[in-house]
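Mapping of the sequence shown onto the working numbering: residues 85 to 465, in sequence order.
Shown next, in structure tokens, is the structure this report addresses.
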Amino acid sequence: MIYTKLQEMIGIKYPIIQAGMGPYSTTELSVAAAKEGVLGLISTIGMAGGGASSATPERAQEVFGKGRPRDIVQRVIQHVYDSIKNVPHAKFGVNVPVAGDFDYAARRLIRGTIDICKERPEIQEKLKVIVTSAGDPLPWAADAKAKGAKKPRIAIKEELPDIVWAHVCPSVNTSKRAEKAGVDFVIASGREGGAHCAWRDVSSMVLLPEVVKTVKVPVVGAGGFADGASLAAALALGAIGVQMGTRFIATKESDFQQMWKEALVKREETETLVARGFFGPMRFLRNPQSLKIVDETTRGASGLWRGEPVPSTNEIMTIEMDGLGKLMDQIEDESVILGGVVTGRIHSIPTIKELIESIMEEAEAIITSLPGKVVRQTVKT
């Protein structure tokens, strides 16, 4: 059986993280994932409707209900805890984007998470991880100002010393900054991943081993992972596990629309593209709606090809908000559908149990058989 530092740190059965993906819910997905022995992450982007964040579609309230971000995240945390509290190996976490455009909501979501863990200590027996992403981790560190943060926020590890804190990093420099902030592990996310990515193009094959070599904290690979072969590859590159997003969307238990799941199965690996998203660049499945976003993103933005950020516009936001509304109505060609390049390697919609079992069986078979396939013994004469 494969056993890594990730399982040791969190208490999960398998070295796999189900990513927090928004702006829609991963609440039931995180429950199902946790029950099968991987770390299930709650997505929080959609909890910031009602004006709490311009990066959250108003129709997200149809999924999460109305209320303050703090109240919504606590309600969801309680639900997930109640659903898995009697499953010994089940563990979950919360993913919060900390981009500037999401700062107001991020502070309230993290505060709500911390407060419920303090008020109900039993929850932290299951809620083991806070993952921050899509922004700078340093403001969330203990002694943030002394470490160079201009605007310190909530000191996550200071308030919850037993929580495992991870940050999603799209570059080596970001991973060094996360290590400086005091994270317990880094999630090195290559640009082939779905939804939020980076302006500059670095793939997982390049990023992951370089981050492993650069930082002293453990590293999890993300972006392009979907099966046992890619898990085995990540471990060979020095990772302690993988985070998967797109692959988990296309499962029977996931909260995502059936049309979205089927769209992932139908697409080939060449049918994604990157354009300006709600906060920074995002990877979409290729369709008429995402092509409109690309057209608006590239309009007069010559710096895009130099890896320079492109500011959002009213036109881009209108197309995206409209497309996300159409997604909820399951109108495929008019929808904005998020997904990674790994969509080209997704050919079925299994249960979470079937998916995890196949991943682990394949990874273990590859790892145990590899020496016999590639290592040649020299016979001394």
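Backbone N, C-alpha and C define an ideal beta-carbon position, used for all residues, glycine too.
List the residues that DSSP assigns as beta-bridge partners of residue 253.
For residue 253, which the question treats as bridged, DSSP gives the partners 272.
For residue 371, count neighbouring C-beta atoms within 10 Å of its own C-beta (all shown protein chains included) and say buried if the count is 16 or more, exposed if not.
Result: buried.
Which listed residue (333, 360 and 339) has its alpha carbon closest to that of residue 347:
Closest by alpha carbon: 333.
Okay, do the region 290-303 and the region 320-336 touch, 3+ Cβ pairs below 8 Å being the bar?
Touching, yes.
By DSSP's criteria, residue 121 is part of a beta bridge. Which residues make up the other side?
BP columns for residue 121 are empty, so no partner.
Could you tell me the distance, in whole angstroms, from the CA atom of residue 218 to the CA atom of residue 182?
Using only the alpha carbons, I get a separation of about 6 Å.
Looking at residue 349: is its Cβ nearer than 8 Å to the Cβ of residue 255?
No. Outside cutoff.
Within the same chain, show all residues whose beta-carbon is closer than 7 Å to that of residue 437, passing over the 5 residues directly before and after it, in chain order.
Excluding residues within five positions, the ones whose Cβ falls inside 7 Å are 120.
Cβ-Cβ separation, residue 428 to residue 420 (assumed contact under 8 Å), whole Å
Contact flag wrong, Cβ pair sits at about 19 Å.
So who's on the other strand from residue 128, going by DSSP bridges?
DSSP, once it has assigned bridges, lists no residue as partnering residue 128.
Report the residue from 338, 358, 117 and 167 whose alpha carbon sits nearest the alpha carbon of residue 275.
Closest option to residue 275, Cα to Cα, is 358.
Starting from residue 332, follow the alpha helix (DSSP H) in both directions and report where the run begins and ends.
According to the DSSP assignment, residue 332 belongs to the alpha helix (DSSP H) that extends over 330-333.
In this structure, does DSSP put residue 239 in helix, strand or coil?
Here residue 239 sits in coil by DSSP.
Please report how far the alpha carbon of residue 327 lies from the alpha carbon of residue 364, in whole angstroms.
So the alpha carbons of these two residues sit roughly 21 Å apart.
Give the DSSP-derived three-state secondary structure of residue 101 in the structure shown.
DSSP places residue 101 in strand when its eight states are reduced to three.
Who are the near neighbours of residue 238 in its chain, counting only those whose CB is closer than 8 Å to its CB and skipping five residues on each side?
Within the same chain, residue 238 has close Cβ partners 191, 194, 195, 198 and 224.
Given that a residue counts as buried once 16 or more other Cβ atoms are within 10 Å of its Cβ, and exposed if not, what is residue 252?
Per the 10 Å Cβ criterion, buried.
Hey, out of 455, 164, 381 and 130, whose CA is closest to residue 150's CA?
The shortest C-alpha separation from residue 150 is found at 130.
Selection from 375, 430, 148 and 266 that minimises the alpha carbon distance to residue 231:
Nearest option by C-alpha distance: 266.
Per DSSP, what are the beta-bridge partners of residue 367 in this structure?
According to DSSP, which records beta bridges pairwise, residue 367 is partnered with 279 and 358.
Is the region 92-103 touching the region 112-128, taking contact as three or more C-beta pairs under 8 Å?
Touching, per the Cβ criterion.
Starting from the Cα of residue 211, find the closest Cα among 278, 442 and 175 and give me that residue.
Answer by Cα proximity: 175.
Rounded to whole angstroms, what's the CA-CA distance from residue 243 to residue 455? Just pull it up for me.
Their backbone Cα atoms lie some 46 Å apart in a straight line.
Return the residue from the list 446, 405, 443 and 340 that minimises the CA-CA distance to residue 111.
Of 446, 405, 443 and 340, the residue nearest in Cα terms is 340.
Output the distance between the C-alpha atoms of residue 117 and residue 430, rounded to the nearest integer angstrom.
Here the alpha carbons of residue 430 and residue 117 stand approximately 18 Å from one another.
Near residue 167, which residues of its chain fall below 7 Å by C-beta distance, leaving aside the five closest residues on each side in sequence?
Closer than 7 Å at Cβ, skipping near neighbours: 115.
If we count the other Cβ atoms within 10 Å of its Cβ and call it buried at 16 or more, is residue 387 buried or exposed?
Exposed is the label assigned to residue 387, since fewer than 16 other Cβ atoms lie within 10 Å of its Cβ.
Residue 232 (DSSP reduced to helix, strand or coil):
When secondary structure is reduced to three states using DSSP, residue 232 falls in the coil class, being assigned neither helix nor strand.
Beta bridge counterpart(s) of residue 451 as assigned by DSSP:
According to DSSP, which records beta bridges pairwise, residue 451 is partnered with nothing at all.
Since residue 344 contacts residue 411 with CB under 8 Å, what's their CB separation in whole angstroms?
Contact flag correct, Cβ pair sits at about 7 Å.
Hey, how far is the Cα of residue 248 from the Cα of residue 461?
Rounded to the nearest angstrom, the two C-alpha atoms are 43 Å apart.
Residue 241 versus 250, 417 and 235, residue with shortest Cα-Cα distance:
When C-alpha distances from residue 241 are compared across 250, 417 and 235, the shortest belongs to 250.
Taking the continuous alpha helix (DSSP H) assigned at residue 398, which residues delimit it?
Per DSSP, residue 398 belongs to the alpha helix (DSSP H) from 398-412.
I think residue 451 touches residue 310, with their Cβ atoms under 8 Å apart; what is that distance to the nearest whole Å?
In this structure residue 451 does not touch residue 310 by the C-beta definition: roughly 17 Å separates them, more than the 8 Å allowed.
Based on DSSP bridge pairs, tell me the residues matched to residue 205.
Bridge partners of residue 205: none, in fact.
Please return the same chain residues whose Cβ sits closer than 7 Å to the Cβ of residue 397, not counting the five positions on each side in sequence.
Only 380 meet the Cβ criterion.
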